[in-house]
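Notes to accompany the following structure.
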Amino acid sequence: MKNVEMEEVLEKLLGFFKALADPNRLKIVGLLAQDEYTVEQMAEILKLSSSTVSHHLSKLSAAGLVTARSESYYNIYRLETGVLDEMSQKLLSKEIVPAVAADVDIDAYDRKVLNTFLDEDGSFIGLPAQRKKFEVLLRHVAKAFEPGKRYTEKEVKELLSEYWFDTATFRRGLVEHKIMAREGGGGEYWLIEK
Numbered sequence: 020m021k022n023v024e025m026e027e028v029l030e031k032l033l034g035f036f037k038a039l040a041d042p043n044r045l046k047i048v049g050l051l052a053q054d055e056y057t058v059e060q061m062a063e064i065l066k067l068s069s070s071t072v073s074h075h076l077s078k079l080s081a082a083g084l085v086t087a088r089s090e091s092y093y094n095i096y097r098l099e100t101g102v103l104d105e106m107s108q109k110l111l112s113k114e115i116v117p118a119v120a121a122d123v124d125i126d127a128y129d130r131k132v133l134n135t136f137l138d139e140d141g142s143f144i145g146l147p148a149q150r151k152k153f154e155v156l157l158r159h160v161a162k163a164f165e166p167g168k169r170y171t172e173k174e175v176k177e178l179l180s181e182y183w184f185d186t187a188t189f190r191r192g193l194v195e196h197k198i199m200a201r202e203g204g205g206g207e208y209w210l211i212e213k
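The sequence shown: position 97 = 116 (the numbering used here), numbered continuously.
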């Protein structure tokens, strides 16, 4: 999907969520999912003023969720279930969901943690107590290993010793966090492909 098309889809999704981001509008959608109603009927059922219901209906209408047809002196409102179906399909699309976060700096947290725990020479000055921060350090040391290459335990220790004196902590961590795999009994280690 092209950037312009993606922006249009995201803008439509944002409008959809904004239209539903009110408890009274959600109640109106719930009512209209059951039957068609006039403003006056909904106002009485929801214990709201007619002007408040009209205001909410205009927001829902702008998002394409409700439409009205004239009948005598009244407008009869109905829910556009096709729009709900379309939006739910877009929300579940494997293209759309990741695109929502396309312009965020995904590595910002890792950089912050590394700036705290890395010395100028690239070794660690300490280990974090928090698991998430330790995982950042594990991902960092994993970059020292080549994908597809198998390493002896001695080679793993040598590479890890450049970062921290207690190489066993990192060897265990890399395996426990499924960054690396190993053969049992001190066998070879390798990166797990993601």
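Just so you know, even glycine gets a beta-carbon here, dropped at the ideal spot from N, CA and C.
With fewer than 16 neighbouring CB atoms inside 10 Å of its own CB, residue 128 falls in the exposed class. Residue 64 sits in a helix when the DSSP states are folded into three classes. If you ignore the 5 residues before and after residue 193, its C-beta comes within less than 7 Å of the C-beta of 157, 161, 199, all in its own chain and listed in chain order. Under the three-pair Cβ rule at 8 Å, the stretch 87–96 counts as touching the stretch 53–69. The shortest C-alpha to C-alpha distance from residue 126 to any of 159, 163, 118, 67 is the one to 159. Under the criterion of beta carbons closer than 8 Å, residue 51 and residue 45 do not qualify as touching, at roughly 11 Å. Residue environment for residue 23: exposed (fewer than 16 other C-beta atoms within 10 angstroms of its C-beta). Ranked by Cα distance from residue 137, the options 120, 124, 155, 207 are led by 155. A direct Cα-to-Cα measurement between residue 37 and residue 64 gives close to 23 Å. In the structure shown, residue 207 falls within a coil segment according to DSSP collapsed to helix, strand and coil.
Restricting attention to 102, 67, 89, the CA atom closest to the CA of residue 28 is found in 102. Put simply, the backbone Cα of residue 141 is about 30 Å away from that of residue 204. Where residue 98 is concerned, the enclosing beta strand (DSSP E) starts and stops at 93–98. The alpha helix (DSSP H) runs lying completely inside the stretch 137–190 and spanning 4 residues or more are 150–161, 172–180, given in chain order.
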